[in-house]
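Reviewing the structure listed below.
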Amino acid sequence: MHHARQSHARTPPSERPAIPLEALWQTSTLVFIVLAGELLAVILALAPGIDGSRWVYFGLTSILIQWTSLLTVSVLALLRRPLARLRPLNVAYFALAVLLAVTSIICSLLWLALHEQLILQHEAWRALWLQFSGIALAVGLIGVAIFRSHWNARQMAVRAKQAQLDALQARIQPHFLFNTLNTCAALIHGRPEDAEQLLLDLADLFRATLSAPQEIPLEEELALTRRYLEVEALRFGHRMRIHWQLPEPLPQHLVPNLSIQPLVENAIHHGIEPSPEGGEIHIAVTQGKNLLQITVSNDLPPSGSPATRTGHRIGLESTRARVQAMTGGAGDVTTLQQNGRHTTTITLPA
(Lines of atoms letter the chains of each structure in order from A and count residues from 1; the text may use other names and numbers.)
(Lines give C-alpha, C1' and ligand atoms only; values in the text may rest on other atoms or scores of the structure.)
Protein backbone atom coordinates (compact mmCIF):
# COMPACT_ATOMS: atom_id res chain seq x y z
CA MET A 1 0.00 0.00 0.00
CA HIS A 2 1.35 3.38 -0.92
CA HIS A 3 2.04 5.90 1.77
CA ALA A 4 -0.54 8.62 1.93
CA ARG A 5 0.92 11.97 0.94
CA GLN A 6 -0.35 15.42 1.59
CA SER A 7 0.15 18.24 -0.86
CA HIS A 8 1.98 21.11 0.76
CA ALA A 9 0.95 23.99 -1.43
CA ARG A 10 3.34 26.85 -1.04
CA THR A 11 1.96 30.22 -0.33
CA PRO A 12 3.32 33.02 -2.46
CA PRO A 13 5.74 35.36 -0.83
CA SER A 14 4.15 38.24 0.96
CA GLU A 15 3.71 41.19 -1.33
CA ARG A 16 5.87 44.06 -0.32
CA PRO A 17 6.09 47.43 -2.00
CA ALA A 18 9.33 48.01 -3.84
CA ILE A 19 9.64 51.34 -2.03
CA PRO A 20 8.57 51.85 1.60
CA LEU A 21 6.13 54.70 0.82
CA GLU A 22 3.96 53.61 3.74
CA ALA A 23 6.72 54.78 6.08
CA LEU A 24 6.17 58.39 5.00
CA TRP A 25 2.92 58.74 6.96
CA GLN A 26 3.82 56.81 10.05
CA THR A 27 3.63 58.88 13.23
CA SER A 28 7.37 58.83 13.85
CA THR A 29 8.11 59.97 10.28
CA LEU A 30 5.60 62.82 10.43
CA VAL A 31 7.00 64.01 13.77
CA PHE A 32 10.50 63.94 12.29
CA ILE A 33 9.35 65.96 9.25
CA VAL A 34 7.72 68.61 11.47
CA LEU A 35 10.74 68.92 13.77
CA ALA A 36 13.19 69.03 10.86
CA GLY A 37 11.07 71.73 9.23
CA GLU A 38 11.08 73.82 12.40
CA LEU A 39 14.84 73.42 12.71
CA LEU A 40 15.27 74.62 9.13
CA ALA A 41 13.00 77.60 9.85
CA VAL A 42 15.09 78.54 12.89
CA ILE A 43 18.32 78.32 10.89
CA LEU A 44 16.91 80.51 8.11
CA ALA A 45 15.53 83.05 10.60
CA LEU A 46 18.91 83.37 12.32
CA ALA A 47 20.81 83.73 9.05
CA PRO A 48 22.43 87.14 8.41
CA GLY A 49 20.99 89.60 5.91
CA ILE A 50 17.34 89.49 7.05
CA ASP A 51 15.54 92.83 6.96
CA GLY A 52 12.74 93.46 9.43
CA SER A 53 11.55 91.32 12.30
CA ARG A 54 13.17 87.91 12.53
CA TRP A 55 10.10 86.65 14.39
CA VAL A 56 7.88 87.56 11.44
CA TYR A 57 10.34 85.92 9.07
CA PHE A 58 10.48 82.84 11.27
CA GLY A 59 6.68 82.64 11.34
CA LEU A 60 6.37 82.91 7.56
CA THR A 61 9.19 80.45 7.04
CA SER A 62 7.68 77.97 9.48
CA ILE A 63 4.26 78.17 7.83
CA LEU A 64 5.72 77.73 4.37
CA ILE A 65 7.96 74.81 5.31
CA GLN A 66 5.30 72.94 7.28
CA TRP A 67 2.60 73.38 4.66
CA THR A 68 5.02 72.45 1.89
CA SER A 69 6.34 69.31 3.57
CA LEU A 70 2.97 68.05 4.81
CA LEU A 71 1.19 68.74 1.51
CA THR A 72 3.99 66.95 -0.36
CA VAL A 73 3.55 63.92 1.87
CA SER A 74 -0.23 64.10 1.38
CA VAL A 75 0.11 64.13 -2.41
CA LEU A 76 2.43 61.13 -2.30
CA ALA A 77 -0.04 59.35 -0.01
CA LEU A 78 -2.92 59.96 -2.41
CA LEU A 79 -0.87 58.71 -5.36
CA ARG A 80 0.77 55.76 -3.59
CA ARG A 81 -0.98 53.10 -5.69
CA PRO A 82 0.13 54.36 -9.12
CA LEU A 83 3.54 55.26 -7.67
CA ALA A 84 4.01 51.67 -6.53
CA ARG A 85 4.23 50.66 -10.20
CA LEU A 86 7.11 53.04 -10.96
CA ARG A 87 10.80 52.35 -10.62
CA PRO A 88 12.23 53.47 -7.26
CA LEU A 89 14.37 56.31 -8.63
CA ASN A 90 11.47 57.58 -10.74
CA VAL A 91 9.41 57.83 -7.56
CA ALA A 92 12.20 59.87 -5.94
CA TYR A 93 12.30 62.28 -8.91
CA PHE A 94 8.51 62.53 -8.89
CA ALA A 95 8.61 63.41 -5.19
CA LEU A 96 11.15 66.14 -6.00
CA ALA A 97 8.84 67.57 -8.68
CA VAL A 98 5.90 67.52 -6.25
CA LEU A 99 8.02 69.30 -3.63
CA LEU A 100 8.91 72.11 -6.08
CA ALA A 101 5.32 72.44 -7.30
CA VAL A 102 3.90 72.59 -3.78
CA THR A 103 6.55 75.16 -2.79
CA SER A 104 5.48 77.43 -5.66
CA ILE A 105 1.80 77.02 -4.82
CA ILE A 106 2.29 77.77 -1.12
CA CYS A 107 4.40 80.86 -1.88
CA SER A 108 1.72 82.13 -4.25
CA LEU A 109 -1.04 81.54 -1.70
CA LEU A 110 0.94 83.33 1.02
CA TRP A 111 1.44 86.28 -1.32
CA LEU A 112 -2.28 86.50 -2.06
CA ALA A 113 -3.27 86.19 1.61
CA LEU A 114 -0.64 88.25 3.43
CA HIS A 115 1.05 90.76 1.13
CA GLU A 116 -1.29 93.61 2.15
CA GLN A 117 -1.01 92.94 5.88
CA LEU A 118 2.79 92.66 5.79
CA ILE A 119 3.23 95.53 3.32
CA LEU A 120 5.81 93.66 1.28
CA GLN A 121 6.58 94.64 -2.28
CA HIS A 122 6.09 92.20 -5.11
CA GLU A 123 9.84 92.08 -5.67
CA ALA A 124 10.40 91.06 -2.05
CA TRP A 125 7.89 88.25 -2.34
CA ARG A 126 9.46 87.10 -5.59
CA ALA A 127 12.85 87.04 -3.92
CA LEU A 128 11.30 85.03 -1.08
CA TRP A 129 9.76 82.63 -3.61
CA LEU A 130 13.08 82.19 -5.39
CA GLN A 131 14.85 81.65 -2.08
CA PHE A 132 12.45 78.97 -0.88
CA SER A 133 12.30 77.32 -4.30
CA GLY A 134 16.09 77.12 -4.27
CA ILE A 135 16.05 75.69 -0.75
CA ALA A 136 13.39 73.13 -1.76
CA LEU A 137 15.43 72.17 -4.84
CA ALA A 138 18.62 71.78 -2.79
CA VAL A 139 16.90 69.74 -0.07
CA GLY A 140 15.15 67.62 -2.69
CA LEU A 141 18.34 66.90 -4.63
CA ILE A 142 20.14 65.95 -1.43
CA GLY A 143 17.23 63.65 -0.57
CA VAL A 144 17.32 62.04 -4.02
CA ALA A 145 21.09 61.50 -3.73
CA ILE A 146 20.71 59.93 -0.29
CA PHE A 147 17.86 57.73 -1.52
CA ARG A 148 19.86 56.64 -4.57
CA SER A 149 22.82 55.69 -2.37
CA HIS A 150 20.57 53.88 0.12
CA TRP A 151 18.68 52.05 -2.63
CA ASN A 152 21.85 50.92 -4.38
CA ALA A 153 23.26 49.65 -1.07
CA ARG A 154 19.99 47.85 -0.36
CA GLN A 155 19.97 46.23 -3.80
CA MET A 156 23.56 45.08 -3.35
CA ALA A 157 22.61 43.56 0.02
CA VAL A 158 19.61 41.81 -1.55
CA ARG A 159 21.80 40.41 -4.33
CA ALA A 160 24.33 39.22 -1.77
CA LYS A 161 21.63 37.48 0.25
CA GLN A 162 20.23 35.94 -2.93
CA ALA A 163 23.68 34.64 -3.81
CA GLN A 164 23.88 33.06 -0.37
CA LEU A 165 20.45 31.50 -0.90
CA ASP A 166 21.54 30.17 -4.29
CA ALA A 167 24.60 28.64 -2.66
CA LEU A 168 22.40 27.08 0.01
CA GLN A 169 19.94 25.75 -2.54
CA ALA A 170 22.84 24.05 -4.33
CA ARG A 171 23.69 22.14 -1.17
CA ILE A 172 21.55 19.13 -2.05
CA GLN A 173 24.91 17.94 -3.33
CA PRO A 174 25.76 15.15 -5.77
CA HIS A 175 26.99 12.88 -2.97
CA PHE A 176 23.56 13.11 -1.33
CA LEU A 177 21.87 12.35 -4.65
CA PHE A 178 24.18 9.40 -5.29
CA ASN A 179 23.65 8.00 -1.79
CA THR A 180 19.89 8.35 -2.16
CA LEU A 181 19.82 6.67 -5.56
CA ASN A 182 22.03 3.84 -4.31
CA THR A 183 19.69 3.36 -1.37
CA CYS A 184 16.73 3.39 -3.76
CA ALA A 185 18.39 0.79 -5.99
CA ALA A 186 18.93 -1.48 -2.99
CA LEU A 187 15.25 -1.16 -2.02
CA ILE A 188 13.64 -1.67 -5.42
CA HIS A 189 13.48 -5.49 -5.36
CA GLY A 190 12.88 -6.17 -1.70
CA ARG A 191 10.95 -3.05 -0.60
CA PRO A 192 9.50 -1.36 -3.70
CA GLU A 193 7.04 0.75 -1.70
CA ASP A 194 9.86 2.25 0.35
CA ALA A 195 11.82 2.90 -2.86
CA GLU A 196 8.83 4.75 -4.32
CA GLN A 197 8.42 6.77 -1.13
CA LEU A 198 12.12 7.61 -1.22
CA LEU A 199 11.89 8.98 -4.76
CA LEU A 200 8.80 11.03 -3.89
CA ASP A 201 10.56 12.53 -0.86
CA LEU A 202 13.59 13.29 -3.01
CA ALA A 203 11.35 15.04 -5.54
CA ASP A 204 9.86 17.15 -2.73
CA LEU A 205 13.33 18.22 -1.63
CA PHE A 206 14.44 19.25 -5.10
CA ARG A 207 11.15 21.03 -5.78
CA ALA A 208 11.58 23.09 -2.62
CA THR A 209 15.21 23.78 -3.43
CA LEU A 210 14.52 25.05 -6.94
CA SER A 211 11.22 26.88 -6.75
CA ALA A 212 10.17 27.90 -3.25
CA PRO A 213 9.95 31.57 -2.17
CA GLN A 214 12.51 33.05 0.18
CA GLU A 215 10.11 32.91 3.14
CA ILE A 216 7.62 30.13 3.84
CA PRO A 217 5.37 29.18 6.78
CA LEU A 218 7.03 27.30 9.62
CA GLU A 219 4.73 24.34 8.97
CA GLU A 220 6.03 23.98 5.41
CA GLU A 221 9.68 24.20 6.47
CA LEU A 222 9.09 21.48 9.07
CA ALA A 223 7.33 19.33 6.45
CA LEU A 224 10.33 19.72 4.16
CA THR A 225 12.62 18.72 7.03
CA ARG A 226 10.51 15.60 7.61
CA ARG A 227 10.89 14.67 3.93
CA TYR A 228 14.64 15.00 4.26
CA LEU A 229 14.71 12.89 7.44
CA GLU A 230 12.61 10.19 5.78
CA VAL A 231 15.21 9.97 3.03
CA GLU A 232 18.12 9.77 5.47
CA ALA A 233 16.28 7.32 7.74
CA LEU A 234 16.34 4.70 4.99
CA ARG A 235 20.11 5.07 4.84
CA PHE A 236 20.93 5.16 8.56
CA GLY A 237 18.12 2.99 9.90
CA HIS A 238 18.13 2.52 13.69
CA ARG A 239 21.38 4.50 14.01
CA MET A 240 19.40 7.73 13.65
CA ARG A 241 16.73 8.44 16.25
CA ILE A 242 14.58 11.56 15.82
CA HIS A 243 12.64 13.30 18.59
CA TRP A 244 10.17 16.08 17.80
CA GLN A 245 8.90 18.58 20.34
CA LEU A 246 6.32 20.78 18.61
CA PRO A 247 3.53 22.90 20.10
CA GLU A 248 -0.08 22.36 19.07
CA PRO A 249 -1.06 24.21 17.04
CA LEU A 250 2.13 25.31 15.32
CA PRO A 251 2.77 29.07 15.39
CA GLN A 252 1.69 30.84 12.21
CA HIS A 253 5.13 32.26 11.56
CA LEU A 254 7.22 32.79 8.44
CA VAL A 255 10.78 31.46 8.35
CA PRO A 256 13.47 31.61 5.65
CA ASN A 257 13.14 28.80 3.14
CA LEU A 258 15.66 25.99 3.78
CA SER A 259 16.54 27.28 7.24
CA ILE A 260 15.83 24.22 9.43
CA GLN A 261 16.72 21.47 6.94
CA PRO A 262 20.40 22.50 6.59
CA LEU A 263 20.78 22.49 10.39
CA VAL A 264 19.35 18.96 10.53
CA GLU A 265 21.69 17.97 7.70
CA ASN A 266 24.64 19.30 9.70
CA ALA A 267 23.44 17.35 12.74
CA ILE A 268 23.40 14.13 10.71
CA HIS A 269 26.73 14.61 8.99
CA HIS A 270 28.63 15.77 12.08
CA GLY A 271 26.80 13.83 14.80
CA ILE A 272 25.18 10.68 13.43
CA GLU A 273 27.30 9.69 10.43
CA PRO A 274 30.73 9.51 12.16
CA SER A 275 29.43 7.55 15.16
CA PRO A 276 29.18 3.73 14.80
CA GLU A 277 26.30 3.71 17.28
CA GLY A 278 24.58 6.68 15.68
CA GLY A 279 22.76 9.07 17.97
CA GLU A 280 19.71 11.19 18.65
CA ILE A 281 18.53 14.37 16.99
CA HIS A 282 16.07 16.62 18.82
CA ILE A 283 14.02 19.20 16.93
CA ALA A 284 12.00 21.58 19.10
CA VAL A 285 9.88 24.68 18.53
CA THR A 286 9.23 26.99 21.47
CA GLN A 287 6.81 29.93 21.31
CA GLY A 288 7.57 32.66 23.84
CA LYS A 289 5.84 35.95 24.49
CA ASN A 290 8.05 37.98 22.19
CA LEU A 291 10.09 35.39 20.33
CA LEU A 292 10.02 32.06 18.52
CA GLN A 293 12.87 29.59 18.99
CA ILE A 294 13.64 26.60 16.77
CA THR A 295 16.25 24.26 18.23
CA VAL A 296 18.14 21.42 16.53
CA SER A 297 20.45 19.38 18.76
CA ASN A 298 22.43 16.19 18.20
CA ASP A 299 24.74 13.85 20.09
CA LEU A 300 28.41 14.55 19.53
CA PRO A 301 30.36 11.57 18.16
CA PRO A 302 32.73 9.86 20.60
CA SER A 303 36.36 10.91 20.51
CA GLY A 304 38.36 8.94 17.98
CA SER A 305 35.47 8.65 15.53
CA PRO A 306 36.34 9.10 11.86
CA ALA A 307 36.40 12.75 10.87
CA THR A 308 33.48 13.95 8.81
CA ARG A 309 33.81 15.95 5.66
CA THR A 310 34.19 19.69 6.07
CA GLY A 311 32.51 22.56 4.27
CA HIS A 312 29.08 22.57 5.90
CA ARG A 313 29.32 25.95 7.61
CA ILE A 314 27.83 27.55 4.50
CA GLY A 315 24.44 26.23 5.63
CA LEU A 316 24.80 27.70 9.12
CA GLU A 317 26.20 31.02 7.91
CA SER A 318 23.62 31.37 5.14
CA THR A 319 20.77 30.61 7.55
CA ARG A 320 22.12 33.16 10.02
CA ALA A 321 22.49 35.83 7.32
CA ARG A 322 18.98 35.28 5.96
CA VAL A 323 17.40 35.22 9.43
CA GLN A 324 19.09 38.52 10.26
CA ALA A 325 18.07 40.02 6.92
CA MET A 326 14.46 38.84 7.33
CA THR A 327 14.17 40.30 10.84
CA GLY A 328 16.25 43.44 10.40
CA GLY A 329 18.87 42.13 12.81
CA ALA A 330 16.36 41.17 15.51
CA GLY A 331 16.76 37.44 14.85
CA ASP A 332 19.87 35.28 15.02
CA VAL A 333 21.26 31.74 14.82
CA THR A 334 23.46 30.58 17.70
CA THR A 335 25.34 27.37 18.49
CA LEU A 336 26.35 25.70 21.75
CA GLN A 337 28.28 22.54 22.65
CA GLN A 338 27.53 21.27 26.14
CA ASN A 339 27.18 17.92 27.92
CA GLY A 340 28.06 15.90 24.84
CA ARG A 341 25.51 17.60 22.59
CA HIS A 342 25.68 20.23 19.87
CA THR A 343 22.73 22.65 19.79
CA THR A 344 21.81 25.17 17.11
CA THR A 345 19.03 27.66 17.85
CA ILE A 346 17.15 29.93 15.46
CA THR A 347 15.62 32.90 17.29
CA LEU A 348 12.93 34.99 15.57
CA PRO A 349 10.89 37.88 16.97
CA ALA A 350 7.27 36.80 17.45
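For the sequence shown, my numbering gives the first residue as 44, with consecutive numbering after it. Glycine included, C-beta positions come from ideal geometry on N, C-alpha and C.
- The Cβ atoms of A238 and L230 sit closer than 8 Å to each other.
- The criterion of a C-beta distance shorter than 8 Å is not satisfied by T104 and V145.
- For I324, the uninterrupted beta strand (DSSP E) run begins and ends at 322–330, by DSSP.
- H193 sits in a helix when the DSSP states are folded into three classes.
- Cβ neighbours of L126 within its own chain (closer than 6 Å, five residues either side excluded): V134.
- Annotation for L103: the continuous alpha helix (DSSP H) segment containing it runs 97–121.
- Under the DSSP assignment, Q304 falls in the alpha helix (DSSP H) whose first and last residues are 304–310.
- Within 10 angstroms of the beta-carbon of F175 lie 16 or more other beta-carbons, which makes it buried.
- Linking E81 to A179 through their CA atoms gives a straight-line distance of about 14 Å.
- Per DSSP, N225 has no beta bridge partner at all.
- The Cβ atoms of L142 and G183 sit closer than 8 Å to each other.
- Nearest Cα to L391 within the set G314, R282, I303: I303.
- Between the C-alpha atoms of A203 and P299 there is a straight-line separation of about 15 Å.
- Between P292 and the set F221, V307, L261, the nearest pair of CA atoms involves L261.
- Remark: fewer than three beta-carbon pairs, one from each stretch, lie closer than 8 Å, so the region 360–375 and the region 313–325 are not flagged as touching.
- Under the three-state reduction of DSSP, L359 is assigned to helix.
- Of the candidates S346, G321, T362, N341, G321 places its Cα closest to the Cα of R282.
- A direct Cα-Cα distance of roughly 45 Å separates K332 from A84.
- Straight through space, the alpha carbons of Q380 and T386 are spaced by roughly 6 Å.
- As computed with DSSP, N382 is found in no beta bridge at all.
- Under the DSSP assignment, L334 falls in the beta strand (DSSP E) whose first and last residues are 334–342.
- Our two residues, C227 and I315, have alpha carbons roughly 20 Å apart in a direct line.
- R284: member of the beta strand (DSSP E) spanning 283–288, first to last residue.
- No Cβ-Cβ contact shorter than 8 Å links H286 with L335.
- Distance from the CA of P344 to the CA of Q257, rounded to the nearest whole angstrom, comes to 33 Å.
- Taken through DSSP and simplified to helix, strand or coil, L89 comes out as helix.
- Residue nearest to F190 within the set T70, N225, Y136, L89 is Y136 (criterion: CA-CA distance).
- The Cβ atoms of L119 and A138 sit closer than 8 Å to each other.
- Taking the Cα positions, D375 is about 6 Å away from I389.
- Excluding residues up to 5 positions away in sequence, F137 lie with their Cβ nearer than 8 Å to the Cβ of L129 in the same chain.
- Rounded to whole angstroms, the Cβ separation of L241 and L277 is 6 Å, and the two are in contact under 8 Å.
- N195 and I185 have their C-alpha atoms roughly 15 Å apart.
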